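Q: Counting from 7, one number per residue, gives the positions in the sequence shown under our numbering. For every residue, glycine included, the Cβ atom is placed at its ideal position computed from N, Cα and C. Quick caveat, the model's predicted, so the values are computed rather than measured.
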Amino acid sequence: MKASSLLQESKMNFEDKLGQHGIHVRRITLKILQINAGKFCNQTCVHCHVDAGPKRTEIMSTKTAERILGLLANTPSIDLVDFTGGAPELNPAFRSMVIRARSLGRRVIDRCNLTVLFVNGQEDLAELFRDNCVEVIASLPCYSRENVDKQRGRGVFDKSIDALRKLNSLGYGVEGSGLRLDLVYNPGGDFLPQSQGKLEKQYKKELLEQFEISFNRLYTMTNMPIKRWEKYLEHTGQREHYRELLVNAFNPQAVDNLMCRTLISVGWDGQLYDCDFNQMLEIPVGGRLRTIWDIESFEEFNEGVIATGTHCFGCTAGTGSSCGGSLIHNT
7 MKASSLLQES
17 KMNFEDKLGQ
27 HGIHVRRITL
37 KILQINAGKF
47 CNQTCVHCHV
57 DAGPKRTEIM
67 STKTAERILG
77 LLANTPSIDL
87 VDFTGGAPEL
97 NPAFRSMVIR
107 ARSLGRRVID
117 RCNLTVLFVN
127 GQEDLAELFR
137 DNCVEVIASL
147 PCYSRENVDK
157 QRGRGVFDKS
167 IDALRKLNSL
177 GYGVEGSGLR
187 LDLVYNPGGD
197 FLPQSQGKLE
207 KQYKKELLEQ
217 FEISFNRLYT
227 MTNMPIKRWE
237 KYLEHTGQRE
247 HYRELLVNAF
257 NPQAVDNLMC
267 RTLISVGWDG
277 QLYDCDFNQM
287 LEIPVGGRLR
297 TIWDIESFEE
307 FNEGVIATGT
317 HCFGCTAGTG
327 SSCGGSLIHN
337 T
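1) Rank L77, N19, F100, L24 by C-alpha distance to the C-alpha of N42 and give the top, closest one.
2) Just to confirm the assignment, what range does the beta strand (DSSP E) spanning A260 have?
3) With H, G and I counted as helix, E and B as strand and the rest as coil, what does DSSP make of T70?
4) To the nearest angstrom, report how far apart T325 and E129 are at their CA atoms.
5) Looking only at its chain, what residues have a beta carbon closer than 7 Å to the beta carbon of T68, apart from the 5 residues adjacent to it on each side?
6) Is DSSP giving T63 helix, strand or coil here?
7) Using the C-alpha atoms, what's the distance from R294 back to L13?
8) What residue does the beta strand (DSSP E) around V142 start on, and which one ends it?
9) Is the distance from the Cβ of F283 to the Cβ of L36 below 8 Å?
10) Using a Cβ-Cβ cutoff of less than 8 Å, which residues in the same chain neighbour R62 once the five nearest sequence positions on both sides are dropped?
11) Would you report the Cα separation of F197 and R234, rounded to the nearest angstrom?
12) Who pairs with V180 in a beta bridge, going by DSSP?
13) Between the C-alpha atoms of R106 and C321, what's the straight-line distance to the nearest angstrom?
14) For S271, count neighbouring C-beta atoms within 10 Å of its own C-beta (all shown protein chains included) and say buried if the count is 16 or more, exposed if not.
15) Tell me, which residues are paired with C118 by DSSP?
16) Do L287 and H241 count as a contact pair if the criterion is CB distance below 8 Å?
17) Can you list, in chain order, the residues of its chain whose CB lies under 6 Å from that of G273, leaving out five sequence neighbours each side?
18) Among S109, I312, Q259, T268, which has the Cα closest to the Cα of S332?
19) Can you list, in chain order, the residues of its chain with a C-beta nearer than 7 Å to that of N174? Leave out the 5 residues immediately preceding and following it.
20) Can you tell me which of the three DSSP states G320 falls into?
21) Quick check: the Cα distance between G182 and Y191, rounded to an integer number of angstroms?
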């Protein structure tokens, strides 16, 4: 189905639900610029909504990266740059983008799969993070070797633990260092995440006792039924059950904190989206195709329309879900 058809069909469903609660979703002032540096990755994770992997060739060019940083300089309201992928660190322009964003006075987040620290040519990556005060959000869907390797690939857990130890040795996740190390939990099946607060306590206990690893925060994220995760659900016969679960768990309290209200997402090719999930479904920003070459500042999207779809139920289910974890912090 074409993106326009998908948008028309799915918008009705989610917006009907919003209408039942008298809710309308619009963007407010932009605070976050999320950059997808490409779909190339050294891992192939079951839950990946990007469908990233070692065979993907889509990667952001230096010209596109430079244009994005120029637009960032023209958008003072954005104070956080969030790099994602694939493995964003494998883009040749990644390091210069990080340094430039920091020189503009913006906070920088890197969404790191941890094992990338051991890819040839990335041996000094952790030091780059430290030297530029990059905030690391690292994927670790469980503190169990069996669960992580099942979801992310054989041997990933042990490499992830080694990477976390290296980051800890540089001060990441250590109290008083100022170097943030947050972890991300993704469910391994057709269910919603547990309470973020309770799971964080459990993670901290297990990782400290078993591996002497410390970190700052744990983010729980709901898996989106798109791309590779949707294929997994179809293969296991859980697709419809999972979609129903998300719809039935709709929580209107999560809507005010949706990440799309303060975020703009840029694809590897410079196209613009309301969020990373819309990007993967090729639903353009506000439902209208725009690129970085069509604008002079990201501020043009302040107070703008947000394109929605059935996948948005994933962000509003239970306690809500975003790139910053749960949207409701009362559990």
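A: Looking at the coordinates:
1) Here residue 42 refers to the residue found at position 36 of the sequence shown. Check the Cα spacing between N42 and each of L77, N19, F100, L24: the tightest is with F100.
2) Your numbering for residue 260 matches position 254 in the sequence shown. Boundaries cannot be given for A260, as no beta strand (DSSP E) includes it and DSSP labels it neither H nor E.
3) Working through the sequence shown from its first residue, we reach residue 70 at position 64. Helix at T70.
4) Walking along the sequence shown from the start, residue 325 turns up at place 319. Walking along the sequence shown from the start, residue 129 turns up at place 123. About 38 Å.
5) Here residue 68 corresponds to residue number 62 of the sequence shown, with the count starting at 1. Correct list, in chain order: A99.
6) Taking the first residue of the sequence shown as position 1, residue 63 is located at position 57. Here T63 sits in coil by DSSP.
7) In the sequence shown, residue 13 corresponds to position 7, counting from 1. In the sequence shown, residue 294 corresponds to position 288, counting from 1. Reliability fails at L13, whose pLDDT of 40 lies under 50, so the model's placement of it is uncertain and the value that follows must be treated cautiously. Rounded to the nearest angstrom, the two C-alpha atoms are 11 Å apart.
8) Mapped onto the sequence shown, residue 142 falls at position 136. Note, V142: beta strand (DSSP E), 141-145.
9) Mapped onto the sequence shown, residue 283 falls at position 277. Mapped onto the sequence shown, residue 36 falls at position 30. Cβ distance not < 8 Å, so F283 and L36 don't count as in contact.
10) As a first step, residue 62 must be located in the sequence shown, where it is residue number 56. Excluding residues up to 5 positions away in sequence, G44, K45, F46, C47, G92 lie with their Cβ nearer than 8 Å to the Cβ of R62 in the same chain.
11) Taking the sequence shown and counting its residues from 1, the one referred to as residue 197 is at position 191. Taking the sequence shown and counting its residues from 1, the one referred to as residue 234 is at position 228. Going from the Cα of F197 to the Cα of R234 covers about 16 Å.
12) The count along the sequence shown starts at 1 and reaches residue 180 at position 174. In the DSSP output, where bridge partners are listed per residue, V180 has none listed.
13) For this step, residue 106 is matched to residue 100 along the sequence shown. For this step, residue 321 is matched to residue 315 along the sequence shown. Cα-Cα distance, rounded: 31 Å.
14) Start at 1 with the first residue of the sequence shown, and residue 271 comes out as number 265. So S271 ends up on the buried side.
15) In the sequence shown, residue 118 corresponds to position 112, counting from 1. For C118, which the question treats as bridged, DSSP gives the partners A144.
16) Stepping through the sequence shown from its first residue, residue 241 is reached at position 235. Stepping through the sequence shown from its first residue, residue 287 is reached at position 281. In this structure, L287 does not lie closer than 8 Å to H241 by Cβ.
17) Translated into the one-based positions of the sequence shown, residue 273 becomes position 267. Answer for G273: N42, Q285, listed in chain order.
18) What you label residue 332 is simply residue 326 of the sequence shown in a count that begins at 1. Selected option, being the one with the closest Cα: Q259.
19) In the sequence shown, counting from the first residue as 1, residue 174 sits at position 168. Taken in chain order, the residues that qualify are V180, I219, S220.
20) Within the sequence shown, the letter at position 314 stands for residue 320. Three-state DSSP puts G320 in a helix.
21) Counting from one through the sequence shown, the residue named residue 182 turns up at place 176. Counting from one through the sequence shown, the residue named residue 191 turns up at place 185. Straight-line Cα distance between these residues: approximately 24 Å.
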